[in-house]
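Numbering (my numbering), first residue to last: 2 to 141. From the three backbone atoms N, C-alpha and C, an ideal C-beta is built for every residue, glycine too. Please read all numbers here as calculations on a predicted model, not as lab measurements.
Okay, here's the thing in C-alpha cells:
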C-alpha cells in the first residue's frame, strides 16, 4: 500500500501543480472534468479533476480543483489517499470499514467511471480519506 497527500484547490490546481513541479522536479499528469464528462458547469470544464506529480525522489503529490457546488475551505485542503490492487481488496475494504466507523461517507466505495473502485470518507477525527482499488495489472 502507498499513501499520498491529495491537495484541494478552488480553480488553481493546474498552477499549483506547475509550482510543485518546479520545487520537486518530476513529471505531471492532468485530467480535467471535461476529460471524464464529470461536471456540467461550463466554467469548470477545464478545471483539474485529477492532477499528479511523480518526483524523482519518489514523492507523489495528487491534487484537484473543488467544484463550486462543493464546500471548499482553504487550509483544510488535505486528504490522505490510500490504495491497493484487486488482489489486496479485502485489506483495503477492511481499512475502509474502520475509517467509516464513526465517520461520514462522502462518496461510497464503488466502481468508478475511470476504472477501479473509489470512495471518500471523513473519519471520526475529521480527517479526509480517499480510498481506491485498482486492477492488478495497473501501475500506481
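Should residue 128 and residue 105 be called a contact, given that it needs their Cβ atoms to be closer than 9 Å?
Taking the first residue of the chain shown as position 1, residue 128 is located at position 127. Taking the first residue of the chain shown as position 1, residue 105 is located at position 104. Cβ atoms of residue 128 and residue 105: not closer than 9 Å.
Inter-residue Cα distance where the pair is residue 17 and residue 9:
Stepping through the chain shown from its first residue, residue 17 is reached at position 16. Stepping through the chain shown from its first residue, residue 9 is reached at position 8. Computed Cα separation, rounded: 10 Å.
Does the count of Cβ pairs from the region 23 to 36 and the region 44 to 52 closer than 8 Å reach three?
yes
Look at the Cβ atom of residue 73, then the Cβ atom of residue 132, and state whether they are nearer than 9 Å.
Walking along the chain shown from the start, residue 73 turns up at place 72. Walking along the chain shown from the start, residue 132 turns up at place 131. No. Outside cutoff.
Pull the bridge partners of residue 135 from the DSSP assignment, please.
Against the chain shown, residue 135 aligns to sequence position 134. Partner(s): 86.
Taking a contact to mean a Cβ-Cβ separation below 9 Å, would you say residue 89 touches residue 134 in this structure?
Mapped onto the chain shown, residue 89 falls at position 88. Mapped onto the chain shown, residue 134 falls at position 133. For residue 89 and residue 134, yes; Cβs fall inside 9 Å.
What's the gap between the Cα of residue 27 and the Cα of residue 120?
Taking the first residue of the chain shown as 1, we reach residue 27 at position 26. Taking the first residue of the chain shown as 1, we reach residue 120 at position 119. Those two C-alpha atoms are separated by around 27 Å.
Beta-carbon proximity check, residue 5 vs residue 87, cutoff 9 Å
Indexing the chain shown from 1 puts residue 5 at position 4. Indexing the chain shown from 1 puts residue 87 at position 86. Cβ distance not < 9 Å, so residue 5 and residue 87 don't count as in contact.
Just verifying my parser: in three-state terms, what is the DSSP assignment at residue 25?
Locating residue 25 in the chain shown gives position 24, where the first residue counts as 1. Helix, per DSSP.
Hey, which unbroken runs of the alpha helix (DSSP H) at 4 residues or more fall wholly within the region 95 to 129?
none
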